[in-house]
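Here the structure is laid out as structure tokens; the discussion comes afterwards.
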DNA sequence: CGCGAATTCTTTTAGACAGCATGTC
DNA sequence: CTAAAAGAATTCGCG
């Protein structure tokens, strides 16, 4: 099918596609069109990565817009949201507008309502539904990307419930679900009343194989000599082999440490094949990477990059990640070794994908457990760059003949697992039951269960009544924590049934609930709106109520850290002692009831929350990023993640404090502002000035400038002495509202730090210079703690 | 007895969404 | 029920 044959698209769309070099539709795309994707029909497309799924989505959305509608594109990751936005923004050429909204991206409901296409993460969409964004009812088309993630126990239920709610909100809604090839695409299609396009077709051939000994054995029976030389590893031989043909490779491993170690070795392999130009460009990139953050991870990465390789995992900051991804796409980097982050993230195809580790540590399995077929297929699907490679190769590594056979059976000939709803798990239901009640989707227990019938879970459930049982447990939990109220029927029954003790409690409860109305309390509404796990909210409320003195920052940081919404730091061996001590030292600051030392696991959780809280406190006491990543053995990405989450949770805690009339609202606000900016209490005012962050604020403060007002009146020489450049100083003064910010002809005085370039004339006799030196020393000792 | 080498024991282990209101060095 | 690599601790071997 040729693009010219498509009808029902906005004028200009077809010529746009042609300019992009798209003439003929891929077979899955043509099948989607035949299935009615352009006429508003529901569709599930289960096709491999990189076989034109986005085009299917685009065609559906554009035709919906042409009919005067509005489309929503749901993605699982923020990084994917930006990627899709960039893609769809090209449609502005013919008048179709795109907006993005994620947790940290701009989000103004009014602004979004003017866009034809909105890209959002599933949680953000859920949040919009909860908060009743009115433009949602204008939607005529929803695309759900990577819909197989419904299988994820953590975040899957959100996507599942959100899709059900959107459909309920607007029964006319066209749903287009894009999935990897999974075992039960048909079941998903049935659930969504959609037709199904299910195919393995790829635009570029994918050859799969296993490397064992000195040979690479392909699924089609072909073999290729890939000798392992000397002491080199299998993956090194494979990388070298394809590099000699000018192909890049992607190596998947099972831990961050392995990713870094492999990257070091593979960069050594790659650096033999680099041209002079490439070396220069790579050196530049390495410099950029070092500038992102002053940490060991950053240095290690830069070192690898100089050799044409890189590692990629969640400990990297997002800047690191995109630098690496972009350079790999531009073929500057020859090899990346990565943890599974990369398989699920933005598009980074390679000629050869090597799945080195097919087992991963899994504490719940008590050791190493094999990866899912789906996961391995997702990794292998990264092989083959359209237009650049004749074909893609995906290789597994075996150390013995038996293992080779096993890998063929387990992954190459195998079909991916079916997608199973995880909705009936308590943590998931806690959140979604409350949200469903709070946003008025259900007002009774029956209504609630009826709504649940619309989910994939219900359509898959074999265990009759399980959902009902868990729902009741959850309702009870929500009621006892004052998030919901049940009314009607209850009173009469409980008064005229004194013999209740003789009937089964379950029976009685059931009779009660039949007639009960469900209503969210104000508190419940707040919790749902804040997007908190109700259990987090309960913990925070309990902690705040328990405090009879003004809570300290550490107390609040530990409190939010022990909430299920915070992913805690891992307690290393021996650290239970260290943090046990810290606990006894600062026990009085912690909020709520500590578990007893003899409650093994619970006490450990408490201590790892303390560790996480301590990290946040250190950050808010202005310890350097490099010091913290080293002290806590984490990457810069982890640090920012923790800070980010804490910021969010403390913001929510502030709202909760207000809701329950806690007297500690201000303390919470201050603690939040301190993590947000990573500064001590005394710098909060300064840091409010645009252009002033934690470091500049400290420098200004040490020179006697303590508030924005001081900034407006201070001696310019002193300001310039504290900051680095005249341009920065001018900007900051202007942002502080100074009338004459110009720094022309001003000489820096006092406090000039021994930083890089700027240890210029030490201010001769600035009145506060001795005070500076004290501050300097304080800071130095603080940092080395 | 002292030092470096070899060996054994111990430790560690993937990922990342959300409120609200605006901007780091 | 399952692994593997790096780092730390301990033992070994030699002069």
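Residue numbers (UniProt numbering): 1 to 785. Every residue, glycine too, gets a C-beta built ideally from N, C-alpha and C. Remember, it's a predicted structure, so these values are computed and weren't measured experimentally.
Backbone secondary structure at residue i - three-state DSSP
i: residue 332; result: coil
i: residue 477; result: helix
i: residue 198; result: strand
i: residue 814; result: Residue 814 falls outside the range modelled here, since the chain spans only 1 to 785, and no answer is possible.
i: residue 437; result: helix
i: residue 416; result: coil
i: residue 432; result: helix
i: residue 320; result: helix
i: residue 184; result: coil
i: residue 146; result: coil
i: residue 234; result: helix
i: residue 29; result: helix
i: residue 719; result: helix
i: residue 47; result: coil
Beta carbon of residue i nearer than 9 Å to that of residue j
i: residue 355; j: residue 252; result: yes
i: residue 673; j: residue 686; result: no
i: residue 197; j: residue 32; result: yes
i: residue 123; j: residue 421; result: no
i: residue 157; j: residue 425; result: yes
i: residue 646; j: residue 607; result: no
i: residue 309; j: residue 334; result: yes
i: residue 649; j: residue 611; result: no
i: residue 418; j: residue 42; result: no
i: residue 180; j: residue 194; result: no
i: residue 475; j: residue 182; result: no
i: residue 718; j: residue 749; result: yes
i: residue 337; j: residue 258; result: yes
i: residue 540; j: residue 653; result: yes
Spatial distance of residue i from residue j (CA atoms)
i: residue 209; j: residue 237; result: 15 Å
i: residue 174; j: residue 97; result: 19 Å
i: residue 477; j: residue 550; result: 29 Å
i: residue 150; j: residue 461; result: 14 Å
i: residue 331; j: residue 248; result: 7 Å
i: residue 742; j: residue 730; result: 6 Å
i: residue 707; j: residue 582; result: 34 Å
i: residue 412; j: residue 56; result: 27 Å
i: residue 605; j: residue 599; result: 10 Å
i: residue 520; j: residue 624; result: 44 Å
i: residue 714; j: residue 696; result: 15 Å
i: residue 235; j: residue 9; result: 47 Å
i: residue 758; j: residue 299; result: Because residue 758 carries a pLDDT of 33, less than 50, the predicted location of this residue cannot be relied on, and the following value inherits that uncertainty. Straight-line Cα distance between these residues: approximately 24 Å.
i: residue 71; j: residue 326; result: 29 Å
i: residue 434; j: residue 482; result: 11 Å
i: residue 15; j: residue 223; result: 44 Å
i: residue 397; j: residue 633; result: 30 Å
i: residue 469; j: residue 454; result: 17 Å
i: residue 62; j: residue 163; result: 20 Å
Per DSSP, cross-strand counterpart(s) of residue i
i: residue 395; result: 209, 354
i: residue 117; result: 71, 98
i: residue 370; result: 359
i: residue 423; result: DSSP, once it has assigned bridges, lists no residue as partnering residue 423.
i: residue 224; result: 216
i: residue 821; result: Given that the chain is displayed from residue 1 to residue 785, the structure contains no residue 821 and the question cannot be resolved.
Cβ shell of residue i (< 6 Å), same chain only, five flanking positions each side left out
i: residue 555; result: 589, 590, 591
i: residue 189; result: 44, 196
i: residue 472; result: none
i: residue 564; result: 533, 535, 536
i: residue 1; result: 25, 30
Residues near residue i by beta carbon distance below 8 Å, same chain, minus five either side
i: residue 102; result: 78, 81, 120, 121, 124
i: residue 242; result: 248, 249, 351, 352, 393
i: residue 93; result: 12, 16
i: residue 290; result: 298, 299, 302
Other residues of its chain near residue i: CB distance less than 7 Å, five sequence neighbours each side excluded
i: residue 204; result: 384, 386, 389, 391, 392
i: residue 553; result: 617, 620, 671, 674
i: residue 317; result: 292, 293, 636, 637, 640
i: residue 597; result: 603
i: residue 525; result: 438
i: residue 225; result: 214, 215
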